[in-house]
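Quick note: to get our numbering, add 80 to the position in the sequence shown (first position is 1).
For glycine and all other residues, C-beta sits at the position ideal for the given N, C-alpha and C.
Encoded as structure tokens, the structure appears first; notes follow it.
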Amino acid sequence: MTRKAVIVFSGGQDSTTCLIHALPTYDEIHCVTFDYGQRHRAEIEVAQQLSKQLGVKVHKVLNTSLLNELAVSSLTRDNIPISRSTGGGVPDTFVPGRNILFLTLASIYAYQVGAEAVITGISETESSGCPDCGEKFVKVLNSAVNLGMDYKFRVETPLMRLNKAETWALADYHKQLDLIRYHTLTCYNGVLGSGCADCDACALRAKGLSEFLSNKVGAKNSLKARLGM
81 MTRKAVIVFS
91 GGQDSTTCLI
101 HALPTYDEIH
111 CVTFDYGQRH
121 RAEIEVAQQL
131 SKQLGVKVHK
141 VLNTSLLNEL
151 AVSSLTRDNI
161 PISRSTGGGV
171 PDTFVPGRNI
181 LFLTLASIYA
191 YQVGAEAVIT
201 GISETESSGC
211 PDCGEKFVKV
221 LNSAVNLGMD
231 YKFRVETPLM
241 RLNKAETWAL
251 ADYHKQLDLI
261 RYHTLTCYNG
271 VLGSGCADCD
281 ACALRAKGLS
291 EFLSNKVGAK
301 NSLKARLGM
């Protein structure tokens with residue numbers, strides 16, 4: 081039987097790491113990228129380039145611009161500046177309902193193509209206070225969508241308990257460290273690779289890379305313990 085998976089794919093560090101991690105496991109992978117009127121549309125082009133480069137045969141870009149009309153965030157409104165998090169609650173880059181919508185739509189797509197898994201790069205460890213990045217949220221949504229479609233599939237979150245150093249170690253394990261480092265777009269200000277060095281996403285990414293490079297053995301051992309590799 082052909083093993084199929086659908087990946088919620090933004091072209092950033094996390095979703096691209098999920099893709100390279102899934103490639104050896106699944107026979108057929110479908111990437112789904114959402115065009116929700118995001119502030120930096122370069123991420124859509126980056127996602128398309130990366131999926132092609134990694135040999136993904138099916139990549140859908142779905143129009144979900146309605147989210148832009150409903151969700152007020154610095155990632156959906158040019159007039160709201162992207163500020164650094166102070167650790168005092170939900171950051172202004174939080175897009176309300178984004179993961180709820182994306183995972184639901186990816187699940188519907190999984191139903192149509194007969195996929196056994198929907199894969200997402202969300203992480204509870206590195207969530208920056210976003211409420212839709214926790215393991216409890218994923219389990220509840222997975223259960224609800226399974227029930228609502230009478231279709232058994234699982235939402236996989238391979239990065240859920242990993243810190244950024246361990247995520248870099250996972251890229252290195254798959255021999256794609258340079259691809260992730262130089263060709264993904266994580267930056268909230270839309271700068272490829274290492275990014276702007278100023279926003280929360282870049283700070284988190286840089287800190288994790290520094291920790292990985294300074295202690296590769298430790299990060300790799302920690303990764304293996306967490307994922308049972």
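Say whether the region 94 to 104 touches the region 242 to 259, bearing in mind that this needs 3 or more beta-carbon pairs closer than 8 Å, one atom from each stretch. Flag = yes, the region 94 to 104 and the region 242 to 259 touch.
Hey, which unbroken runs of the beta strand (DSSP E) at 3 residues or more fall wholly within the region 180 to 205?
197 to 199, all fully within the region 180 to 205.
- prompt: What three-state label does DSSP hand residue 115 in the structure shown?
  reply: Note: residue 115 maps to strand in three-state DSSP.
Margin query: Assuming contact is defined by CB atoms lying nearer than 8 Å, are residue 306 and residue 257 in contact in what I supplied?
Written below: No, the pair does not count as a contact, with Cβ atoms beyond the cut-off.
Would the beta-carbon of residue 255 fall within 8 Å of that of residue 288? With respect to residue 288, residue 255 sits apart: the two C-beta atoms are not nearer than 8 Å.
* **Under the three-state DSSP convention, the category residue 138 falls into** => Residue 138: strand per DSSP, three-state reduction.
- Would you call the region 110 to 117 and the region 222 to 238 in contact, with 3 or more CB pairs under 8 Å? In short, these stretches do not touch, since the Cβ pair count stays below three.
Suppose contacts are defined by Cβ-Cβ distances below 8 Å. Is residue 290 in contact with residue 239 by that definition?
It is not a contact, given that the beta carbons lie outside the stated cut-off.
By DSSP's criteria, residue 110 is part of a beta bridge. Which residues make up the other side? Paired residues: 86, 138.
Ordered along the chain, which non-local residues of its own chain (more than five positions away) have a Cβ less than 6 Å from that of residue 198?
Shown here for residue 198: same chain residues with a beta carbon closer than 6 Å to its own, the five before and five after excluded, namely 86, 186, 187, 190, 235 in chain order.
(request) Count the other CB atoms, across all protein chains shown, that sit within 10 Å of the CB of residue 109; report buried if there are 16 or more and exposed otherwise. (result) The residue in question, residue 109, is buried, as its Cβ has 16 or more Cβ neighbours within 10 Å.
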